[in-house]
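The structure appears right after this line, and notes come after that.
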Amino acid sequence: MPYMAGPDGAWESDDDAPLYVISVAAELTGLHAQTLRQYDRLGLVSPGRSPGGGRRYSRSDIGMLREVVRLSSFGLGLEGIRAVLELENRITTLQRHNRELQAEIEALRAERDERSRTALVVWRPERRPQRPRRPHSPRTID
Numbered sequence: 009m010p011y012m013a014g015p016d017g018a019w020e021s022d023d024d025a026p027l028y029v030i031s032v033a034a035e036l037t038g039l040h041a042q043t044l045r046q047y048d049r050l051g052l053v054s055p056g057r058s059p060g061g062g063r064r065y066s067r068s069d070i071g072m073l074r075e076v077v078r079l080s081s082f083g084l085g086l087e088g089i090r091a092v093l094e095l096e097n098r099i100t101t102l103q104r105h106n107r108e109l110q111a112e113i114e115a116l117r118a119e120r121d122e123r124s125r126t127a128l129v130v131w132r133p134e135r136r137p138q139r140p141r142r143p144h145s146p147r148t149i150d
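See below:
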């Protein structure tokens, strides 16, 4: 798994790091290098580029290429594969957004609950001390 320094200097995983030259990507996916170039031209799987302009495939790109091979084995054409990949990407994006919103909702609920407890303490009305009741004495009639 590729690792790179994160913003805080700690090493972190990065599946999008451009690592593999086209020949290695072709070998990992069982595709011909020319097929990978065609997929890049069509915008199906577009790898990163080295400073010299050579294609560099990431682990994520390799996974995408394997998905293209899988979908192709079902008889889908390139346009069908493109549509499926776009939908899968959209689903992934929406799921990530949903997780972020769920986390935000939980944080807001926790904040609301904390404020509610604080409000009860701060705004608890004071009770007036009640006068002690005199014991009930029976009246005598003369």
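Quick note on numbering: the sequence shown equals residues 9 to 150 in the numbering used here. We treat Cβ as the ideally placed atom computed from N, Cα and C, and that holds for glycine.
Whole-Å CB distance - residue i paired with residue j, under 8 Å assumed
{"i": "R78", "j": "P26", "result": "Going by Cβ atoms, the distance from R78 to P26 rounds to 23 Å, so no, they are not a contact pair."}
{"i": "G56", "j": "V29", "result": "Not quite, the Cβ-Cβ distance comes to about 11 Å (not below 8 Å), so this is no contact."}
{"i": "L73", "j": "T37", "result": "4 Å"}
{"i": "L52", "j": "V76", "result": "6 Å"}
{"i": "A34", "j": "L50", "result": "Their Cβ separation, rounded to whole angstroms, is 16 Å, which puts A34 and L50 out of contact at 8 Å."}
Beta-carbon proximity check, residue i vs residue j, cutoff 8 Å
{"i": "D24", "j": "S66", "result": "yes"}
Reduced DSSP secondary structure (H/G/I, E/B, other) of residue i
{"i": "R78", "result": "helix"}
{"i": "G85", "result": "coil"}
{"i": "G71", "result": "helix"}
{"i": "R156", "result": "Any question about residue 156 goes unanswered here, given that the chain covers just 9 to 150."}
{"i": "R139", "result": "coil"}
{"i": "A105", "result": "According to the sequence displayed, residue 105 carries His and not Ala. DSSP places H105 in helix when its eight states are reduced to three."}
{"i": "D48", "result": "helix"}
{"i": "L93", "result": "helix"}
{"i": "D121", "result": "helix"}
{"i": "L36", "result": "helix"}
{"i": "E114", "result": "helix"}
Closer than 8 Å to chain D by CB, residue i
{"i": "R139", "result": "Although the question refers to chain D, the structure presented lacks it and comprises just one protein chain."}
Residue i - partner residues in DSSP beta bridges
{"i": "Y28", "result": "Y65"}
{"i": "G56", "result": "R64"}
Indicate whether the contact test is met: 3 or more Cβ pairs, each with one atom in the region 80-88 and one in the region 107-115, closer than 8 Å.
no
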